[in-house]
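*Asks:* Protein chains in written order, with numbering that gives the first Met the number 0: chain A, 0 to 834; chain B, 0 to 113. Got a structure for you, written out below as structure tokens; questions coming shortly.
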Amino acid sequence: MNQPTPLPNPAPRPAGELERLEDVWRTPRGWRFLSSVNNTSIGLLYIGTALLFFVLAGILGLLIRTQLAVPDNGFLSAGTYNQVFTMHGTVMMFLFAIPVVEAIAVYLLPNMLGARDLPFPRLSAYAYWAYAIGGLAFFCTLFFGLAPDGGWFMYPPLTGTKYSPGLNADFWLLGIGFIEISAIAGAIELIIGILFTRAPGMTLGRMPVYAWAMLVVAVMIVFAFPAVIAGTALLELERAFDWPFFVAERGGDPLLWQHLFWFFGHPEVYIIFLPAAGMVSTMIPTIAGTGLVGRRAVIAALVGVGVFSFGLWAHHMFTAGLGVLEMSFVSAASMAVAVPTAIQVFAWICTLWKGKVQRGAPTLFLLGFMFIFVLGGLTGVMVAVIPFDWQVHDTYFIVAHFHYVLIGGMVFPVFAAMYYWIPLINGNRLSERWARWVFWLMFGGFNLAFFPMHITGLLGMPRRVYTYAPDLGWNGLNMLSTVGAFVFAAGVVLFTIDTVRTLRRREQTVGNPWNASTLEWLTSEDYGNRSIPRVRSSNPLWDQPTLTQEVDEGRHYLPQTATGNRETIATSPVGAEPRYLLVLPGDSWLPLLAAAGTAGFFLLLTMKLNLLATICGITAVLGTIAWLWQSDRGVPQREVDVGGGIVLPVGATGTASHSWWATIIMLVVDASIFASFAFAYLHISMRLQVCPPPGSALPPVQLAWLSAALLVAGSILIWLATRALGRRRMPWLALAALVCAMASFGVDLYGLRSADLAPSESAWAAAVAALASYQGLHIVLLMILGPYLALRGWHGHLTARSRATLDNIALVWHYTTLQGIAWLSTVRLVPLLME
Amino acid sequence: MNVNRANEHFFRRMLRAILPLLVWLLHFIFCYGLAAAQCTPAGMRPGGPDRTAMGIATVVALAVLAWLVWRGRGVLAQPSRTGLWQWTAFLFAALSLVAVSWNSVGILLVDGCA
Chain A
0 MNQPTPLPNP APRPAGELER LEDVWRTPRG WRFLSSVNNT SIGLLYIGTA
50 LLFFVLAGIL GLLIRTQLAV PDNGFLSAGT YNQVFTMHGT VMMFLFAIPV
100 VEAIAVYLLP NMLGARDLPF PRLSAYAYWA YAIGGLAFFC TLFFGLAPDG
150 GWFMYPPLTG TKYSPGLNAD FWLLGIGFIE ISAIAGAIEL IIGILFTRAP
200 GMTLGRMPVY AWAMLVVAVM IVFAFPAVIA GTALLELERA FDWPFFVAER
250 GGDPLLWQHL FWFFGHPEVY IIFLPAAGMV STMIPTIAGT GLVGRRAVIA
300 ALVGVGVFSF GLWAHHMFTA GLGVLEMSFV SAASMAVAVP TAIQVFAWIC
350 TLWKGKVQRG APTLFLLGFM FIFVLGGLTG VMVAVIPFDW QVHDTYFIVA
400 HFHYVLIGGM VFPVFAAMYY WIPLINGNRL SERWARWVFW LMFGGFNLAF
450 FPMHITGLLG MPRRVYTYAP DLGWNGLNML STVGAFVFAA GVVLFTIDTV
500 RTLRRREQTV GNPWNASTLE WLTSEDYGNR SIPRVRSSNP LWDQPTLTQE
550 VDEGRHYLPQ TATGNRETIA TSPVGAEPRY LLVLPGDSWL PLLAAAGTAG
600 FFLLLTMKLN LLATICGITA VLGTIAWLWQ SDRGVPQREV DVGGGIVLPV
650 GATGTASHSW WATIIMLVVD ASIFASFAFA YLHISMRLQV CPPPGSALPP
700 VQLAWLSAAL LVAGSILIWL ATRALGRRRM PWLALAALVC AMASFGVDLY
750 GLRSADLAPS ESAWAAAVAA LASYQGLHIV LLMILGPYLA LRGWHGHLTA
800 RSRATLDNIA LVWHYTTLQG IAWLSTVRLV PLLME
Chain B
0 MNVNRANEHF FRRMLRAILP LLVWLLHFIF CYGLAAAQCT PAGMRPGGPD
50 RTAMGIATVV ALAVLAWLVW RGRGVLAQPS RTGLWQWTAF LFAALSLVAV
100 SWNSVGILLV DGCA
């Protein structure tokens, strides 16, 4: 007979242990709450703000529907309507859909994985505040008539200075551009959190499907978002400095924008859908009371969708004049992605079939999701068929299709999730009676609003028109859609009232109201679980029935604060074996300050208030430096006993460290942005008969060799610095490396000036200048990092046990060298290939 | 007990599992890139994109994927004893085989740049 394995720690726990844990993790009250960085505080703020944007963008949707309710309506002028529909799409996509899925992950994932917090809590706080401050300011542009009005995908030439001379488009480009940076910060946090901070024993095979979904999504964000960041940078450069990337007369190409935008925009649809699918795969087994059917196939399907989604971007461009063969590849990929999606849908249906389904609010919304999403998916396959797409492109059929996909595939699951997980906040469930009203109003209203749009579209009504003539046969259908939209909104209003009512109720014991199997239903406080559980299956709360009690008694790992700081256990990526104690930073105002500075910098720059923008920019840099200055400090303890005879080192260095991997992911993002600029250069060059175009030239190749040699010299000096840790020469090596890097860029600039490269003359010259500018941006970054490194060395803040700053800056340095060599070779190789 | 730092070969395992998806991706990039490049002013090819090159790439990709499906067929015999990595590798191979096959339809039916 098998003996039960002894638990890692004995009970009862020593007196005062719990109090010390509570003290370290206590969330500040009153206005100091805003300095909190704990994932539960930031997660709730994040979710609340995202839902606020859902309501605000929803109101804009109602304005649109009011305007379109009857023909020849004068409720909104054409100009205002343009701003309203642009903001509706932009806010829904960028300020609601992406943030809300990241927000829910920030709130849920640490508990679901058995971690005390995410690995970079201050980064989460920074990402949230940058989004909240920037997003609200961006929304307020509507009240001043300054909101963007070129559609949510901002196609040039409409959004170029010729047709959009005002600041409206600039607000979109700078505002959304930096909000994307916030999303990327969140993605890095999630990847590291999922791979490095799972509870011991939670192997990749046992990891909740939701965590798998978020891992896939975060990786997708890393590769997809750089394209739109590069695109927005190019369009803003065109608008600000007349660099004609998208102006056909000067060798540019408006389609370049479409490629860059949709290379982000289509994966984004899955970036929104996959988290919802992950939530569905978590909720359905609970409401059916049985494990997820085909769990491994569902995980594989999530990864498959993530990869295939990068081959679909051009299906938004079927009418843009691409070659038929290219379109056929994209069409095939668009159909292929339906297969893994269908695997998930069948797995959900089979799970419901196999189990005994609990009736309740989450079930209603999950069934509603399946009905609506499957319809949206089917019309998706229809528009993947090129000739059909030619007929319905830019009509209301498309509007119907993507609302079925997005509201069905994301909003309904998010509502199901809120009914399911809101008890985690204060132990109270939302009203089941109200939920039935909310569901039927939303489900009925949704179908009433959007189903007729399929027909309106087939009858020829184009998107984005602010009104229509009465004799086109669209009147009744439009009126139905408007009524449906208001019915849907009534459901959202009821839900909001019920949520506020529920959250104001007295706190109760949370327990496990749905009899779920995942760890977020363990008892949780500010510090997460009392002890970090040892996991033995993919349904731990079902297969380990005494787990909650054992964890609450502090009998699993790390029931204390071992170093007097916030901590969690870092585990290995595959087997989740404990590796080291990860010391986490505490609450701070600095992320808020840095985020406010960043948001202010971008928004004020848009308004051409350069002095104020500079002040904000400096605030952001200083705030970030002050925040980083406090990090990477050693603690007295070298090792700690977390229970079960496991003694863990405190912190880790080099490739074992989570911060090293976070830097690597950040550099992958960086390289993807560079690759997007390189793609722009290639795309523009391929449109030329002769490259470089007549009248343009590249600097002599000898200068490129000199520049590359200086970069390599800088990297060698930094490598020597990493070997000279604790020696007096280390800071000087860093500064010498900086001199080399700056000299390299000086050579680049000299070469470009001597070649008389004029970026406003031709798109080709502008593309070269864009690559050079991106390299320049990195040199500016090194100009901050080099002295910072030297300063830390002089202050004795770099030691053998706290050397992450040095190692990570070295990574950035070597990347800059590689990127410098890449830009110098790219601009020369393409003309050679075209000869 | 000090922590055992045994290497889990995370990247090697991951690469082996997602190899079929990478085959699909490379095939897609090659075919799309070639078709796009040979229909631009700089690389215009009389008669349209080189479908022979694409056909060869497709045959190679299909062969590799068929081999990966064949190699992973054991998971069907004992699905309950198969680990996550083997299971996903098999499913990815099957999915990629379907996706590359669909891609090849365009190469068979479409020519020219229009």
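Yeah, the Cβ is synthetic: ideal placement off N, Cα and C, and Gly gets one too. Computed from a predicted structure; not experimentally measured.
1. Tell me which residues share the same chain as G285(A) and place their Cβ nearer than 6 Å to its Cβ, disregarding the 5 neighbours each side in the sequence.
2. Can you tell me where the alpha helix (DSSP H) with T85(A) in it begins and where it stops?
3. Does R15(B) have its Cβ less than 9 Å from a Cβ in chain A?
4. Going by the DSSP bridge assignment, what does L117(A) pair with across the sheet?
5. Going residue by residue through the segment 242–318 of chain A, where are the continuous alpha helix (DSSP H) segments of at least 4 residues, counting only ones entirely within it?
6. Whole alpha helix (DSSP H) runs in the segment 543–598 of chain A with 4 or more residues, listed along the chain?
7. Note the first and the last residue of the continuous beta strand (DSSP E) segment covering D640(A).
8. Does E834(A) come out as helix, strand or coil in the three-state DSSP assignment?
9. For G149(A) versus L157(A), is the C-beta spacing smaller than 9 Å?
10. I want to check one thing, is the minimum distance from the CB of A416(A) to the heavy atoms of the ligand HEM below 8 Å?
11. Could you confirm whether any beta carbon from chain B is found closer than 9 Å to the beta carbon of S658(A)?
12. Output needed for P120(A): all residues of its chain with C-beta closer than 7 Å, excluding positions within five of it in sequence on either side, in chain order.
13. Inspect the beta-carbon positions of L259(A) and G230(A) and report whether they are closer than 9 Å.
14. Let me check one thing: in DSSP terms, what residues is G105(B) bridge-paired to?
15. For E248(A), count the other beta carbons within 10 Å of its own beta carbon; 16 or more makes it buried, fewer makes it exposed. Which is it?
16. For L25(B), tell me which candidate among D49(B), L64(B) and L108(B) has the shortest Cα-Cα distance.
17. Can you confirm whether R70(B), when its beta carbon is compared against all beta carbons of chain A, has any partner nearer than 9 Å?
18. Does the separation of the CB atoms of G574(A) and A114(A) fall below 9 Å?
19. So, with DSSP's three-state summary, where would you put V2(B)?
20. Using C-beta distances below 6 Å, list every residue in its chain close to A677(A), excluding the 5 sequence neighbours before and after it, in chain order.
21. If you measure between the beta carbons of L117(A) and E188(A), is that distance less than 9 Å?
22. Does the segment 458–471 of chain A come into contact with the segment 65–74 of chain A, if we say contact requires no fewer than three beta-carbon pairs (one atom in each stretch) closer than 8 Å?
23. Pick helix, strand or coil for L687(A), following the three-state DSSP scheme.
24. Return the first residue and the last residue of the beta strand (DSSP E) that V646(A) is part of.
25. Under 9 Å, do A313(A) and W261(A) count as touching if we go by C-beta distance?
26. Ends of the alpha helix (DSSP H) at R70(B)?
27. Pull up the distance between the alpha-carbon of F673(A) and that of N8(A), whole angstroms please.
28. Please identify the residue among G47(A), V492(A) and D22(A) whose C-alpha is closest to the C-alpha of W436(A).
29. Quick check: the segment 580–599 of chain A against the segment 612–624 of chain A, are there 3 or more CB pairs under 8 Å?
30. Going by DSSP, name the residue or residues bridged to G527(A).
31. Do R535(A) and Y556(A) count as a contact pair if the criterion is CB distance below 9 Å?
32. Given this structure, state the Cα-to-Cα distance separating V99(B) from V336(A), to the nearest angstrom.
33. Return the CA-CA distance between D669(A) and L203(A), expressed in angstroms with no decimal places.
34. Put T394(A) into one of helix, strand or coil per three-state DSSP.
35. For G303(A), which residues of its own chain have a beta-carbon under 7 Å away from its beta-carbon, when the five flanking residues on both sides are left out?
36. Going straight from the alpha carbon of L697(A) to that of G713(A), what length do you get?
*Replies:* Let me spell this out:
1. Per the sequence shown, residue 285(A) should be read as Thr rather than Gly. Counting only Cβ-Cβ distances below 6 Å, and skipping sequence neighbours, we find W513 and A515.
2. Counting along the chain, T85(A) sits inside the alpha helix (DSSP H) bounded by residues A77 to T89.
3. Not a single C-beta of chain A is nearer than 9 Å to the C-beta of R15(B).
4. Its beta-bridge partners do not exist; DSSP assigns none.
5. Secondary structure in the segment 242–318 of chain A: the alpha helix (DSSP H) runs of 4 residues or longer, each lying completely within the stretch, are 253–287 and 294–307 in chain order.
6. 546–551
7. E638 to G642
8. coil
9. yes
10. In the structure on display, the ligand HEM does not appear, and there are no ligands present to speak of.
11. no
12. V36, N37, N38, L583 and P584
13. yes
14. In DSSP, G105(B) forms no bridge with anything.
15. exposed
16. Per the Cα distances, L64(B).
17. no
18. no
19. Confidence is the limiting factor: at V2(B) the pLDDT is only 45, short of 50, which leaves the residue's position unreliable, though a coordinate-based value still follows. Looking at V2(B) - three-state DSSP - the assignment turns out to be coil, as it is neither helix nor strand.
20. T825
21. Contact: yes.
22. yes
23. DSSP places L687(A) in the coil class of the three-state scheme, outside both helix and strand.
24. I645 to P648
25. yes
26. R50 to R70
27. 50 Å
28. Of G47(A), V492(A) and D22(A), the smallest CA-CA separation from W436(A) is found for V492(A).
29. Touching, yes, given that three or more Cβ pairs across the two stretches are closer than 8 Å.
30. E524(A)
31. no
32. 12 Å
33. 28 Å
34. strand
35. P339
36. 24 Å
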